[in-house]
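> This is the structure, below, for whatever I ask next.
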Amino acid sequence: MTGRIGAAVSRIDARKKVMGEARYAADFAVPNPLYAHLVTSTIGRGAITGIDESEARTVPGLREIFSHANPLGLEPDGMFSTGGHAQQGWEPFAGPDVRFYGETVAMVVADDILAAREAAKRLRVAYSAEAPAAVFGAEGLEPEELPDMALSSGDLDAAMEAAAERVEVEYDTAANTHNAMELFATTAVWSGKDLTLYVPSQWVEGFRAGVASELGIAPERVRIVSPYVGGGFGGKGSLYTFTPMVAAAARRLNRPVKLYVTREQGFTTASYRAETQQSVRLGARADGRFTGFEHKGRELSSRPDTYVVNGADKTARMYHADAVRTGVTCVHADRQTPGFMRAPAETPYYFALESAVDELARRLEMDPVELRRRNDIDAEPVNGVPYTSRSLMECYDMAGEAFGWRDYDPAVGSMRDGDWLVGWGCATAAYPTQMAPCAVRVHFDRTGRARVMVASHDLGTGAYTVIAQAAAEGLGLEVDRVEVELGDSRLPPGTIAGGSISTASNVSVIQIACERIMQRLGTTPERIDVAAVFDAFGQGAIEEYAEWAPRGSRPNARGGLYGAEVGIVGGPEEEYTAFAFGAEYAEVRINRWTREIRVPRLYGAFAAGRIMNEKTATSQYLGGMIWGLGHALQEKTEIDPRTGAVMNDNISEYIVPVNADVMDVRAMMVPEEDTLVNPAGIKGIGEIGIVGTAAAIANAVHHATGIRVRHVPIRVEDLIGTG
Amino acid sequence: MRPFSFQKPGSVEEAVAVVEPMGVAGQGGAFHAGGTTVIDLMKLHVLQPPSLTDLGGVLERGIEEGEDGTLRVGAGTTMAEAAEHPAFLRAPVLSEALWKAASAQLRNVATLGGNLLQRTRCPYFRDNVSACNKREPGSGCAAKDGINRLLAVLGTSESCIANYPGDWANALILFDAVLETRSGGGGREIAFGDLHVPPGEDPARETILGDDELITAIRLSVPEWASRSVYTKVRDRDSYAFALTSAAVALDLDGDTVREARLAIGGAATVPWRAREVEDWLAGRELTEDVAVEAGRRAFAGARGWGENDFKIPLGRDTVARGLMEAKAMTPRNSGDSQ
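Chains U and B, in that order, are what the protein sequence lines are.
When the letters of the first sequence are read in order and numbered with the numbering used here, they come out as residues 5 to 727.
When the letters of the second sequence are read in order and numbered with the numbering used here, they come out as residues 50 to 388.
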């Protein structure tokens, strides 16, 4: 048998993608559509005082202009974090207020796309503008402390006092924008009272519920179609305001309506990773054992919405500490509400933690790997809850061996190579193991073909492939005998594609369905003779509908599947602490004259339970590490503090790594068996790759130059004298 | 998109006869060659020409080598063609400045004539909203106190700090290039160093070209010793990024002593920026690391930072020093060597 669990199976959808046959949301042709175009605000705070439509109305083919003056009658569904499905908690057309630069203030609909864009350009929106407070340091920010999210154990002040060495430092991380290749889009088609929406989505169930609630119709009247997603990264996980707007406009105009959101508009009408300011206090005894750890974060959000990622809840579980204290403050600003972006909590907060550990290793004059080894634990330190499994040091050992860490000379600047300053650094990666309830339908027939149906999603991650592998394993088939349907809200409810939960959840429920099919057919995957068992069964096909809810779910969580409840559990829980771990090593080369930072080597080893597919898993890890490289050295959404405008709202000046930046990047896998996390033994790998990279690179930069940069991105100007 | 007419003239003469002025002085009319600047800015509505006059098949294309290192470059030659041309490879600064620019896709369509006229990437020019004296004369300059990390520190004025973003012009300016142009009034020759105009009080005017004037060819003279030349480009990523700072360097050395140095600075200036005073200062000196550092200091002596871009002054100095030392370390080709 080939292509079952663990095998390095090539993506079963690869050919379709290469041949252009995979249809992304905006690719669906609908009959006789109108085209919409958004108009976004050119002030950062204030109100619309008037909209002059006269010039726009002269554009041939204009159909309608929607705005607060001609609203679409939508009701806010509510933010994801408050139990809703939307990215932000308010409706842009509810009134004249402007809450951030680039907020949608109008939507123009016309017969063709050029007319829509031209009319949008000709719309004259007048504002009364106020000075916005859009960035840290601005006057008029509103900090909101969130004490319910804080952790505390032991006497932190005493623990810090007892330390032989300590670091008490601040770290900053920049705003980032997802910039998936696939732009945002929505196409809405009504058929009587039934609505079909083609929209890139990491959560078709949630989008269906959110759109229905905003439109005031029953969810079963709405269908969300998103079979392929051209990069999600968290940016397509909650419902944006433009999607229900297009649906409502299509209803009003009695025609299908299609909207493409431009690259520039994607920077402001969708979510982003907000800036953070973090303070870390970390103390250790002379033997390296940590005494106290305090981690506090301040995160920007919009005025109305409270959104924080609160990564200190995770960093607090990483190492031994006699005492721990965390805190988080939501700082309300004149900005869009932020949202999920790959390892939302971990990416910024592990940059701070793992930089601080490196700083402390320097003070202790101890190898940074050894310092982590001395603080390795079996149970998290806040509540003493044991890990299901923890292979952190095995990751350090495997990647360190490949990297050659044994030759590490800690002296700053010790590895110079001609005009190039060379540095090595390392950092821990970790990501909570999470799952959510989900359902599946598995169809199996006498021809030996199976079909797996679940409203899950493939963001380019390989979900189609690993789902096929799971069914092939469970039914005793070759993987090419399994077809998979995803990304359609008519399918059995799946999970949101976020929190690295999809594979663990899908495989767990597919196992149940397949086991039941085997039972009903009276056979096992190992000895199945397809024709014979179906002859004996007396029917040519069999279908099984299964549900699964992870341990720790609320009572009756499976019922929540039919109400688009998220239901994510895992990570630090009452009974167990479940995380995947990794270790990343970076080598940097910095030109001694001009200080550009290059990364010739980036090695990571990861332990994430059972690996479904070595090939797609490697791609996930590499993709995460490469994004981490960009996060460390390049990515920054540049906000003009005077206006709140994004000044690099294009992929020319919003810099992400290109091939030339990506040299020897390797991902290794530490074998790990963990039967406690879930029946499939899967921890999830979508996000962990990015988590340790920025700190590993920052630590290497320090090793090369002696300059400790406590923010990302680290750019030339951080390493160049100003004399 | 605004409606515009697309004109397909059959010759350069016809092109300059039918082109409609764009309405902003110094843009050279709404000609369309590779389109990598003009189409981009039209999509942003920064440029709204009533017509485009297409130069496809009309412009001279290719590089002719004359006696004594003189080259005649058709303005329609693409960046990609020129980057690989043996004559350019013999003076590496000319080739490197091309292949280190933009992306392979852009270099395949962008022409050298158009490349010289590439417009700034200043975000306040491109956003079509902010105060910008270049886009809307008299409206002010939002960049001076704004997000100006990528903008100029040399040649700026209170009216404008937009940088010239191109690379190849910084190499070309080393070689006493002459532009051949055509306009409705006939032809003329322009010393390339005179083409671009620093912003002063009129940043909308970027070149001395008339509205209907078209660059048809570029002549330059490349001395054999320019085989010792480099284009040192510092940028936020290793490909497909504009220069933070760059240095175009060609050196004629006698042992370690400079017979003649040529130096231009990119990324940090409002126009292609030849540092002739530094060249004069270098002549006759032994090129040590200290001398290279001092050359960098002198090259940026008149620089002014605007906040976020203050770092370009020390970075620019070091870029010049690095370029000089890298050129010194080169092993020049033997004469007659060709690829």
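Even glycine gets a Cβ: it sits at the ideal position worked out from N, Cα and C.
Considering only residues of the same chain and omitting the five flanking positions on each side of A636 of chain U, which have a CB-CB separation below 7 Å?
For A636 of chain U, where only same-chain residues beyond five positions count, the Cβ hits under 7 Å are T697, A698, I701, A702, V716, P717 and I718.
> Considering E146 of chain U, what are the terminal residues of the alpha helix (DSSP H) in which it resides?
Element bounds for E146 of chain U: not the alpha helix (DSSP H) but the beta strand (DSSP E), E146 to E149.
> Using a Cβ-Cβ cut-off of less than 8 Å, list which residues of the stretch 663-688 of chain U approach chain B; keep chain order.
Against chain B - using a Cβ distance shorter than 8 Å - the residues of the stretch 663-688 of chain U are N663, A664 and D665.
> Would Y289 of chain B pass as an interface residue toward chain U - the criterion being a Cβ-Cβ separation below 7 Å?
Judged by the 7 Å Cβ criterion, Y289 of chain B is in contact with chain U.
> Can you tell me which of U:H461, U:D152 and U:G292 puts its alpha carbon nearest to the alpha carbon of G498 of chain U?
G498 of chain U has its Cα closest to that of U:H461, out of U:H461, U:D152 and U:G292.
> Does the pairing of the stretch 604-611 of chain U with the stretch 665-685 of chain U give three or more beta-carbon distances under 8 Å?
Touching, per the Cβ criterion.
> Among the residues of its own chain, which have a CB less than 7 Å from the CB of C518 of chain U, if the five just before and after it don't count?
Closer than 7 Å at the Cβ level, and outside the excluded window around C518 of chain U, lie V446, A475, G478 and L479.
> In terms of alpha-carbon separation, which member of U:A472, U:Y276, U:Q282 and U:I221 lies closest to I16 of chain U?
Taking only the C-alpha atoms, the option nearest I16 of chain U is U:A472.
> Using the Cβ count rule (16 or more neighbours within 10 Å means buried), how would you classify Q76 of chain B?
Confidence at Q76 of chain B is low in this model, with a pLDDT of 48, below 50, so its placement is unreliable and the value that follows should be read with caution. Classification of Q76 of chain B: buried, given that the 10 Å Cβ count is 16 or more.
> Could you name the residues that DSSP lists as bridge partners for P390 of chain U?
Paired residue(s): U:A383.
> Which residue's Cα is closest to the Cα of A79 of chain B: B:R51, B:L101 and B:L263?
The residue with the shortest Cα to Cα distance from A79 of chain B is B:L101.
> Expressed to the nearest angstrom, what Euclidean distance is found between the alpha-carbon atoms of V313 of chain U and V470 of chain U?
Looking at the two C-alpha atoms, the distance is approximately 29 Å.
> Cutting at 7 Å between CB atoms, please list the residues of its own chain near G158 of chain U, excluding the five before and the five after it.
Result list for G158 of chain U: D326, A327 and V328, in chain order.
> Can you check which of these residues, B:A220, B:L263 and B:A317, is closest to R311 of chain B by C-alpha distance?
Cα-wise, what sits closest to R311 of chain B is B:A220.
> Let me see if you follow: with CB-CB separation under 7 Å, is T85 of chain B close to chain U or not?
No, T85 of chain B does not count as interfacial toward chain U.
> With distances taken from CA atoms, which of U:V511, U:A403, U:R378 and U:V215 is nearest L292 of chain U?
Sequence inspection shows Gly at residue 292 of chain U; the Leu mentioned does not correspond to that position. Considering only alpha carbons, the answer is U:R378.
> Against chain B, which members of the stretch 472-489 of chain U pass a CB distance test of less than 9 Å?
Answer set for the stretch 472-489 of chain U: empty.
> Listing by chain order, which chain U residues have their CB less than 7 Å from the CB of D216 of chain B?
Within chain U, no residue comes near D216 of chain B; the closest Cβ sits about 15 Å away, beyond 7 Å.
> In or out: R300 of chain U buried (at least 16 other Cβ within 10 Å) or exposed?
The amino acid occupying residue 300 of chain U in the given sequence is Lys; Arg does not appear at that position. With 16 or more Cβ atoms within 10 Å of its Cβ, K300 of chain U is classed as buried.
> Beta carbon of V261 of chain U, beta carbon of A192 of chain U: below 7 Å?
In this structure, A192 of chain U lies closer than 7 Å to V261 of chain U by Cβ.
> Taking the Cβ atom as the reference point for each residue, do A348 of chain B and A324 of chain B lie within a distance shorter than 7 Å?
Yes, the Cβ-Cβ distance between A348 of chain B and A324 of chain B is below 7 Å.
> Buried or exposed, going by whether 16 or more other CB atoms sit within 10 Å of the CB of E186 of chain U?
Its Cβ being crowded by 16 or more others within 10 Å, E186 of chain U is buried.
> Within 10 Å of its beta-carbon, does A18 of chain U have 16 or more other beta-carbons around it, so buried, or fewer, so exposed?
Exposed, since its Cβ has fewer than 16 Cβ neighbours within 10 Å.
> Looking at C-alpha atoms only, which residue of B:E69, B:C209 and B:T127 is the closest neighbour of G189 of chain B?
With distances taken between Cα atoms, G189 of chain B lies closest to B:C209.
> Secondary structure at M673 of chain U, three-state DSSP: helix, strand or coil?
Note: M673 of chain U maps to strand in three-state DSSP.
> Mapping the DSSP letters down to three states, classify S703 of chain U as helix, strand or coil.
The sequence as given places Asn at residue 703 of chain U; Ser does not occur at that position. If DSSP states are grouped into helix, strand and coil, N703 of chain U belongs with the helices.
> Using a Cβ-Cβ cut-off of 7 Å, state whether W631 of chain U counts as contacting chain D.
In summary, chain D is missing from the structure at hand, where the protein chains are U and B.
> Check the DSSP bridge columns for C518 of chain U and list the partner residues they point to.
Paired residue(s): none; C518 of chain U is not in a bridge.
> Is the Cβ-Cβ distance between R366 of chain B and T281 of chain B less than 7 Å?
In this structure, T281 of chain B does not lie closer than 7 Å to R366 of chain B by Cβ.
> Report the residue from B:E328, B:A290, B:V246 and B:T126 whose alpha carbon sits nearest the alpha carbon of V307 of chain B.
When only C-alpha atoms are compared, the closest one is B:E328.
> Terminal residues of the continuous beta strand (DSSP E) containing L300 of chain B?
Residues T294 to D303.
> May I ask you to report which of helix, strand or coil DSSP gives I505 of chain U?
DSSP places I505 of chain U in coil when its eight states are reduced to three.
> For F407 of chain U, write down the residues that DSSP places opposite it in a beta bridge.
Beta-bridge pairing links F407 of chain U to no other residue.
> Which residues in chain U sit within 8 Å of F360 of chain B, going by Cβ to Cβ distance?
Under the 8 Å cutoff, chain U gives V720, E721, I724 and T726.
> I want to see whether chain U comes within less than 7 Å of T368 of chain B, judged by CB atoms only; does it?
Closer than 7 Å to some Cβ of chain U, the Cβ of T368 of chain B qualifies, so yes.
> For a minimum of 4 consecutive residues, which ranges assigned as the alpha helix (DSSP H) are wholly contained in the stretch 99-159 of chain B?
As far as the stretch 99-159 of chain B is concerned, its whole alpha helix (DSSP H) runs of at least 4 residues are 128-132, 135-139, 141-148 and 153-158.
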